[in-house]
Amino acid sequence: MARERLDALMTGRGLAPTRSRAQALVLAGHVRVDGAPAHKPGQMVAADADVTVAATDGYVSRAGGKLANALDHLGWDVAGVRALDVGASTGGFTDCLLRRGAGHVIALDVGYGQLAWSLRNDPRVTVMERTNARHLTPGGLVYPPDFVAADVSFISLTLVWPAVVACAAPGWRACLMVKPQFEAGRRDVGSGGVVRDPEVRRRAVNRVAECVAAWGGAVLDASDSGVPGPKGNREVFLALADARDAATAPDIDERIGAAVEAGTSPAPPGEV
Numbered sequence: 437m438a439r440e441r442l443d444a445l446m447t448g449r450g451l452a453p454t455r456s457r458a459q460a461l462v463l464a465g466h467v468r469v470d471g472a473p474a475h476k477p478g479q480m481v482a483a484d485a486d487v488t489v490a491a492t493d494g495y496v497s498r499a500g501g502k503l504a505n506a507l508d509h510l511g512w513d514v515a516g517v518r519a520l521d522v523g524a525s526t527g528g529f530t531d532c533l534l535r536r537g538a539g540h541v542i543a544l545d546v547g548y549g550q551l552a553w554s555l556r557n558d559p560r561v562t563v564m565e566r567t568n569a570r571h572l573t574p575g576g577l578v579y580p581p582d583f584v585a586a587d588v589s590f591i592s593l594t595l596v597w598p599a600v601v602a603c604a605a606p607g608w609r610a611c612l613m614v615k616p617q618f619e620a621g622r623r624d625v626g627s628g629g630v631v632r633d634p635e636v637r638r639r640a641v642n643r644v645a646e647c648v649a650a651w652g653g654a655v656l657d658a659s660d661s662g663v664p665g666p667k668g669n670r671e672v673f674l675a676l677a678d679a680r681d682a683a684t685a686p687d688i689d690e691r692i693g694a695a696v697e698a699g700t701s702p703a704p705p706g707e708v
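So the sequence shown is residues 437 to 708, counted in our numbering.
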């Protein structure tokens, strides 16, 4: 039986408009092959394999649902904001912000060709691809954002945030999605890149919160993302604001602890 790359097969069957979009869907955990989750866009599959793409609650990726959960938890209205989506990828955060009335979103990503076609052609979206957020400067954006959402991978938010906040408008607000597997030390990340120890997750979130405070931010709240990542990691959102207009919540340590606890699940059988 002939075999071909999964991303190429998906494009050929019309399950994705481009191979880049197919790759993004696989990496986001939306694709199953013969009933089993697919994790590698380049894996070889049978030409007649049963390939399905899961629904994403109407958003272009399930990241949109995660941000929606965080905004609902906070009770934040983002109507009319001029936003920056750091690590836009397929555009889940961008999609969520637009659906909730954002006036404009800068979709920024170090990668290329991943943003959903519907968002790429939306006049309310400015696409900034092949752009490393660490190298942003205040004059490098089309406007200073008053709202920032961030979902970065393979890099710590602590390395990205200083340059990002330097570009933000006075009175900014932000939702950062902390991915523990990219904040914890290598020895603290378990098999498959999953962080299951709640204390490690707590330290990872606290590390980002401390960075935010050091760069003029107030940490208002924390919440579990509500949806596990494709490998089982649970992220925590930090709600932030310009420290010139707000103060860090006095019980923020307890809030972070509660968010970590909400996303803690036991390890599968055979895993430590």
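Ideal placement from N, C-alpha and C gives every residue a C-beta, glycine not left out.
The region 578-589 makes contact with the region 517-529: 3 or more CB pairs, one atom from each, lie closer than 8 Å. In the DSSP assignment, Glu690 falls within the alpha helix (DSSP H) that extends over 688-698.
Distance from the CA of Ala695 to the CA of Arg623, rounded to the nearest whole angstrom, comes to 23 Å.
Exposure of Trp553 is indicated by the presence of fewer than 16 other C-beta atoms within 10 angstroms of its C-beta. By the beta-carbon neighbour count (other beta carbons within 10 angstroms, threshold 16), Ala675 is buried. Going by C-alpha positions, Tyr579 is about 32 Å away from Ile692. Taking C-beta atoms under 8 Å as the contact rule, Pro616 and Val600 fail to qualify, at a distance of about 20 Å. Taking 3 residues as the shortest admissible run, the region 529-561 contains the following complete beta strand (DSSP E) segments, listed from N- to C-terminal end: 540-544.
Closest in C-alpha terms to Ala538, from the list Asp513, Met564, Val672, Leu451, comes Asp513. Fully contained in the region 554-611 are the following alpha helix (DSSP H) runs of length 4 or more, in chain order: 593-602. A direct Cα-Cα distance of roughly 27 Å separates Asp633 from Ala610. Excluding five sequence positions before and after Thr562, the CB atoms of its chain that fall closer than 8 Å to its own CB belong to His540, Val541, Ile542, Ala543, Val578, given in chain order. By the neighbour-count criterion, in which 16 or more other beta carbons inside 10 Å mark a residue as buried, Tyr495 falls on the buried side.
In the DSSP assignment, Ser456 falls within the alpha helix (DSSP H) that extends over 455-463. Distance from the CA atom of Thr530 to the CA atom of Ala649, rounded to whole angstroms, is 25 Å. Going by DSSP, Ala677 is part of the beta strand (DSSP E) stretching over 672-678. Closest by C-alpha distance to Arg670, out of Ala452, Val641, Asp689, Val489, is Val641.
Around the beta carbon of Phe590, a 10 Å sphere encloses fewer than 16 other beta carbons of the protein chains shown; the residue is thus reported as exposed. Under the three-state reduction of DSSP output, Thr488 falls in the strand class. C-alpha of Leu503 to C-alpha of Met613: approximately 8 Å in a straight line.
Leaving aside the five residues that flank Gln459 on each side, the residues in its chain whose CB is nearer than 8 Å to its CB run, in chain order, Asp443, Pro477, Gln550.
Beyond the five residues adjoining it in sequence on each side, His509 comes within less than 6 Å, by CB distance, of Ser659 in the same chain, given in chain order. When the Cα atoms are used, Leu555 and Leu461 turn out to be separated by approximately 15 Å.
Excluding sequence positions up to five before and after Gly607, its CB lies within less than 7 Å of the CB of Asp582, Asp678, Asp681, all in the same chain and listed in chain order.
Taken through DSSP and simplified to helix, strand or coil, Pro477 comes out as coil. Sorting Pro559, His466, Arg643 by C-alpha distance to the C-alpha of Ala490 places His466 at the top. Met437 sits in coil when the DSSP states are folded into three classes, being neither helix nor strand.
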